[in-house]
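**Q** Structure incoming, see below.
There are 2 protein chains.
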Amino acid sequence: MKRYEKFADDIAELIRTGVLAPGQKVPSVRHASRTYGVSASTVFQAYYLLESRGLIMARARSGYFVCEHVRRPLPEPQATLREASTTEVDVSELVFSVLSSIRDPDTVPFGSAFPSPELFPLPRLARSMAHAVRDMDPRSTVADMTPGNHALRRQIALRYMVGGLPLPIEELVICNGALEALNLCLQVVTRPGDLVAIEAPAFYASLQVLERLKLKAVEIPVHPREGIDLEVLEDRLERLPIKACWFMSNFQNPLGASLPEERKRRLATLLARHQVPLIEDDVYAELYFGQHAPKPVKAFDSEGLVMHCSSFSKSLAPGYRVGWVAGGRYAGQIERLKLMTSLSASVPAQAAIADYLQHGGYDRHLRKLRYALESQRNAMLAAVARHFPEETRVSRPEGGYFLWVEFPEQVDSLRLFQLALAQGISIAPGPIFSATRRFGHCARLNYGHPWSLASEQAMETLGRIIRSLPGTN
Amino acid sequence: MKRYEKFADDIAELIRTGVLAPGQKVPSVRHASRTYGVSASTVFQAYYLLESRGLIMARARSGYFVCEHVRRPLPEPQATLREASTTEVDVSELVFSVLSSIRDPDTVPFGSAFPSPELFPLPRLARSMAHAVRDMDPRSTVADMTPGNHALRRQIALRYMVGGLPLPIEELVICNGALEALNLCLQVVTRPGDLVAIEAPAFYASLQVLERLKLKAVEIPVHPREGIDLEVLEDRLERLPIKACWFMSNFQNPLGASLPEERKRRLATLLARHQVPLIEDDVYAELYFGQHAPKPVKAFDSEGLVMHCSSFSKSLAPGYRVGWVAGGRYAGQIERLKLMTSLSASVPAQAAIADYLQHGGYDRHLRKLRYALESQRNAMLAAVARHFPEETRVSRPEGGYFLWVEFPEQVDSLRLFQLALAQGISIAPGPIFSATRRFGHCARLNYGHPWSLASEQAMETLGRIIRSLPGTN
Chain A
1 MKRYEKFADD
11 IAELIRTGVL
21 APGQKVPSVR
31 HASRTYGVSA
41 STVFQAYYLL
51 ESRGLIMARA
61 RSGYFVCEHV
71 RRPLPEPQAT
81 LREASTTEVD
91 VSELVFSVLS
101 SIRDPDTVPF
111 GSAFPSPELF
121 PLPRLARSMA
131 HAVRDMDPRS
141 TVADMTPGNH
151 ALRRQIALRY
161 MVGGLPLPIE
171 ELVICNGALE
181 ALNLCLQVVT
191 RPGDLVAIEA
201 PAFYASLQVL
211 ERLKLKAVEI
221 PVHPREGIDL
231 EVLEDRLERL
241 PIKACWFMSN
251 FQNPLGASLP
261 EERKRRLATL
271 LARHQVPLIE
281 DDVYAELYFG
291 QHAPKPVKAF
301 DSEGLVMHCS
311 SFSKSLAPGY
321 RVGWVAGGRY
331 AGQIERLKLM
341 TSLSASVPAQ
351 AAIADYLQHG
361 GYDRHLRKLR
371 YALESQRNAM
381 LAAVARHFPE
391 ETRVSRPEGG
401 YFLWVEFPEQ
411 VDSLRLFQLA
421 LAQGISIAPG
431 PIFSATRRFG
441 HCARLNYGHP
451 WSLASEQAME
461 TLGRIIRSLP
471 GTN
Chain B
1 MKRYEKFADD
11 IAELIRTGVL
21 APGQKVPSVR
31 HASRTYGVSA
41 STVFQAYYLL
51 ESRGLIMARA
61 RSGYFVCEHV
71 RRPLPEPQAT
81 LREASTTEVD
91 VSELVFSVLS
101 SIRDPDTVPF
111 GSAFPSPELF
121 PLPRLARSMA
131 HAVRDMDPRS
141 TVADMTPGNH
151 ALRRQIALRY
161 MVGGLPLPIE
171 ELVICNGALE
181 ALNLCLQVVT
191 RPGDLVAIEA
201 PAFYASLQVL
211 ERLKLKAVEI
221 PVHPREGIDL
231 EVLEDRLERL
241 PIKACWFMSN
251 FQNPLGASLP
261 EERKRRLATL
271 LARHQVPLIE
281 DDVYAELYFG
291 QHAPKPVKAF
301 DSEGLVMHCS
311 SFSKSLAPGY
321 RVGWVAGGRY
331 AGQIERLKLM
341 TSLSASVPAQ
351 AAIADYLQHG
361 GYDRHLRKLR
371 YALESQRNAM
381 LAAVARHFPE
391 ETRVSRPEGG
401 YFLWVEFPEQ
411 VDSLRLFQLA
421 LAQGISIAPG
431 PIFSATRRFG
441 HCARLNYGHP
451 WSLASEQAME
461 TLGRIIRSLP
471 GTN
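Those protein sequences? They're chains A and B, same order as listed.
FYI, UniProt numbering numbers position 464 of the first sequence as 464, with every residue one higher than the one before it.
FYI, UniProt numbering numbers position 456 of the second sequence as 456, with every residue one higher than the one before it.
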């Protein structure tokens, strides 16, 4: 990391923690240079970067000020549900009908599950791909099958190690994206009819997978900042024969919540006490806005109970379909199931990513990507504040690319979804994130696309539609 | 196809059908040129090609003769089993222990499931890949997800059409190889506990999948030339609540058998009468040695009951993991299940193959591949005749790259497998192809690798080991 980037991060942290408040003037270049012992040009570059990240803005002849993203502080969404229940899942049809209706590329993609492909270094990746296939040993077409390309697995293991979680390369099984990894993990530790603890709200694909495998959901509420409610989980683990947990510990989809480290540690202890495995979906881990990469729960697991699933789809190579699982004590079973299910991930895609990780500048790309997402988050938060009704609540995620919006109680988000779609705007309505069709007045909004006039106008239109719904003002 | 290739195929057909017998002289160049109205140079080129295919050989100053591949006619394996039974499948462990033991690249790979990667146009494919990713529209990383890259699906649909089976592009779902397609199809039409008709012997992956999904197998015997026994199947369909069939209609793995067209038609009628879906595994269809591509059963299905699964893994692009299913009436359900299971096949791999199919010369490559496999088959058949005991029976497949060998009754092929492996030679022992551990005196041998002195010596060693086993001479 360059010196000015480091300095920019320090200032960003001051803004994040409120030391520098919205509207406040940031130290002058001369002052900052003297105070922090860096050159004036470093400060200039840092401020320029912070401006492009949407954190500060220049006012003519007055210097830089912290952006007033919001005209008022936005309340966060409320904690979700606390009643105990187990639920047969039956939400797939709704999810499919929502997803298929938003495929039109001309729709403003607030309902999309993907960030903009323009945020990724596709030309550089293409070079890595061309290089990898040109030099490919024909034998690798067999040798790189499950558990996967050795160079790639080594690079992934290195990244774990740098993140403070050394693990043996043998734990790693390359899969067709994280989704296949999650599917395989769940099948390894459950049988039809079993209970699985999931989040409420939850990523809809997990609901679909539970439904498909005839598993029953035990919903655990998620706090919008602090992640799943450990007290509720503890109670459920004590009272119900839960066979597995499936949680996102960092930048949870859709809420954006992350478990603080202390709570990750407690979760690991809880799992160990009950000997219940955790399928940890951590696909957004690289998209953090803070100073440090968040750790996974797996970092606190000494018993091999955590299957840590991730991929390059959200951070580097969308469409390549290269994910992995660090399978803990279940790695061998996962590998076998993978062999029976789809034999292997695509060998050229694996080789291309291995090459890119070695030579492509992954960390530099990630820094750019994080800045872009953070500034887009800020832009969307500001638009929520500007255009949505006063009573709207909204999450303020410190990573990922989703906002979770709680409209006034009487807003029917499925109706909003239909009306917005008719205006060429997609949203992801709340009920697709629930095994029990909750969150009828909520929606997930994607800020993974460069902010534009069209985005701003779409937010305005959404606000107008919301106000036109019965019972709102 | 060039004129000399056509002429060579005509002569090959005469050899295949026995009109030209082993050891017989083929027409002289002058004679052939006059009789068939082709130029002498065409005849020369054709004979040269036939020689390289291992069908004829030149004798000094005497002209060309049909090769005597075999010192005696090899009897074919016997039809398999006729008793009715349904079976819980429990063979995965055995399969895995066999497969993992033969991964050593220094082993003579007669037990391998793959043909030699050297038979594939990997450098030309690499060019297609480089081209495809360089020009890739970023939006395709989302747009080419399930059901798949449109150009690729159109090329596949075109190939169906040329083969006499026009079908709507909407029926096609791109998958991670045929194996995933087969898995998805089976899950769409069955639930745990259901009965599924499979072949005996069967491809071991189908047994593993049945085991994993807790399905019960109804084994249908396969005739080594004519494919599954339709009388037995009809009886089982009448007496048992079979929910699906899973058959390979062409060059069945491991027997190499193909249903003649008339029997394919009967099978389709039978399925229609009972309204039972067929999962048709047709991954070897392009590897035919005859004049014409064999049709799939799907060509005779007017009710959309057949899910036709295939891939490019055996014919073009091993390791790319691009397969597909033409799903008939189940296409929509398969697509949804694919979305939930692994979202999509690798987008670059799809684009590369689409590019290759348009510009790479697929048909030219396939002709070369077929010739290579046919000549390797001939070499291995000759080696079986030379080195294995008199009572050995062996299939004579007209496509694919597997021989099925029936040793004398008392030979224990699992023991043979162990002893051969100790000598650096792998085989695929018969019991891994059976839900009921039959075929204990059989083995599948892979001739998908260029024939070499090492291959010949390995066959000799195998013959010696077989003779050393108790009860053989």
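We put the beta carbon where it would ideally sit given N, CA and C, even for glycine.
Are the C-beta of B/Asn253 and some C-beta of chain A separated by less than 7 Å?
**A** no
**Q** Using a cut-off of 8 Å between C-beta atoms, extract the partners of B/Arg321 located in chain A.
**A** Asn176, Ser342, Leu343, Ser344, Ala345, Ser346, Val347
**Q** For residue 475 of chain B, which residues in the same chain have their Cβ closer than 8 Å to its Cβ, ignoring the five residues on either side in sequence?
**A** Residue 475 of chain B is absent from the structure shown; chain B starts at 1 and stops at 473.
**Q** With the cut-off set at 7 Å, would you say A/Val29 and A/Val19 are in Cβ contact?
**A** Not in contact: A/Val29 and A/Val19 (Cβ atoms no closer than 7 Å).
**Q** Check the Cβ-Cβ distances between A/Pro318 and every residue of chain B, and say whether any is below 7 Å.
**A** yes
**Q** On the three-state DSSP scale, how would you describe B/Met136?
**A** coil
**Q** Looking at B/Arg212: is its Cβ nearer than 7 Å to the Cβ of A/Met340?
**A** yes
**Q** Apply the 10 Å Cβ neighbour rule to B/Lys295 and answer buried if 16 or more other Cβ atoms are within range, or exposed otherwise.
**A** buried
**Q** I need the DSSP call for A/Val405, collapsed to helix, strand or coil.
**A** strand
**Q** Can you give the Cα-Cα distance for B/Met57 and B/Ala454, rounded to whole angstroms?
**A** 22 Å
**Q** Do the CB positions of B/His131 and B/Asp355 come within less than 7 Å of each other?
**A** yes
**Q** A/Arg53 lies in the beta strand (DSSP E); which residues open and close that run?
**A** It is not in any beta strand (DSSP E) - A/Arg53 carries neither H nor E in the DSSP assignment.
**Q** Would you verify that the beta carbon of B/Arg124 is, or is not, closer than 7 Å to some beta carbon of chain A?
**A** no
**Q** Grouping DSSP H, G and I as helix and E and B as strand, with all else coil, what is A/Gly63?
**A** Three-state result, A/Gly63: strand.
**Q** Who are the neighbours of B/Ser140 on chain A, taking C-beta pairs under 9 Å?
**A** The contacting residues are Pro117, Gly319.
**Q** Between residue 487 of chain B and B/Leu179, which are expected to be in contact by the criterion C-beta below 8 Å, what is the C-beta distance as a whole number of angstroms?
**A** Shown here, chain B extends from 1 to 473; a query on residue 487 of chain B therefore has no answer.
**Q** Hey, out of A/Ala382, A/Val411, A/Leu416, A/Met459, whose CA is closest to A/Leu74's CA?
**A** Just measuring C-alpha positions, the residue of A/Ala382, A/Val411, A/Leu416, A/Met459 sitting nearest A/Leu74 is A/Ala382.
**Q** Would B/Ala285 pass as an interface residue toward chain A - the criterion being a Cβ-Cβ separation below 7 Å?
**A** no
**Q** Kindly indicate the opening and closing residues of the alpha helix (DSSP H) around A/Val162.
**A** 150–162 is the span of the alpha helix (DSSP H), which, as asked, contains A/Val162.
**Q** Is the Cβ of A/Asn183 closer than 7 Å to any Cβ of chain B?
**A** yes
**Q** Would DSSP call B/Met340 helix, strand or coil?
**A** Three-state result, B/Met340: helix.
**Q** For the beta strand (DSSP E) that A/Val347 lies in, which residues bound it at each end?
**A** Not the beta strand (DSSP E): A/Val347 falls in the alpha helix (DSSP H), residues 347–359.
**Q** Alpha carbon to alpha carbon, what distance is there between A/Val189 and A/Gly304?
**A** 13 Å
**Q** Does the Cβ-Cβ distance between B/Ile228 and B/Glu199 come in under 7 Å?
**A** yes
**Q** Residues in its own chain within less than 6 Å of A/Lys2 by CB, not counting five upstream and five downstream?
**A** none
**Q** Report the residue ranges of all beta strand (DSSP E) runs contained in full by the stretch 422–450 of chain A; include only those spanning at least 3 residues, in chain order.
**A** 442–446
**Q** Roughly how many whole angstroms lie between the Cα atoms of B/Leu167 and A/Phe433?
**A** In this structure, the straight-line span from the alpha carbon of B/Leu167 to that of A/Phe433 is close to 37 Å.
**Q** According to DSSP, is A/Gly463 helix, strand or coil?
**A** Note: A/Gly463 maps to helix in three-state DSSP.
**Q** Suppose you measure from the CA of B/Lys216 to the CA of B/Arg266; what does that come to, to the nearest Å?
**A** When rounded, the distance between both Cα atoms is 25 Å.
**Q** Assess, as a yes-or-no matter, whether the stretch 307–315 of chain B is touched by the stretch 323–331 of chain B under the definition of 3 or more beta carbon pairs within less than 8 Å.
**A** Contact holds between the stretch 323–331 of chain B and the stretch 307–315 of chain B, because three or more Cβ pairs, one in each stretch, are under 8 Å apart.
**Q** Between B/Arg329 and chain A, is the shortest Cβ-Cβ distance under 7 Å, so that the two count as touching?
**A** no
**Q** In chain A, what lies closer than 7 Å to B/Asp144 by C-beta?
**A** Gly319
**Q** Mind checking B/Met161: buried by the 16 CB within 10 Å criterion, or exposed?
**A** exposed
**Q** Is the distance from the Cβ of A/Leu343 to the Cβ of B/Gly177 below 7 Å?
**A** yes
**Q** Does DSSP put B/Thr190 in a helix, a strand or coil?
**A** In the structure shown, the three-state DSSP call for B/Thr190 is coil.
**Q** With distance defined between alpha-carbon atoms, name the residue in B/Ser33, B/Gln24, B/Gln45 nearest to B/Glu68.
**A** Measuring from the Cα of B/Glu68, the nearest candidate turns out to be B/Gln24.
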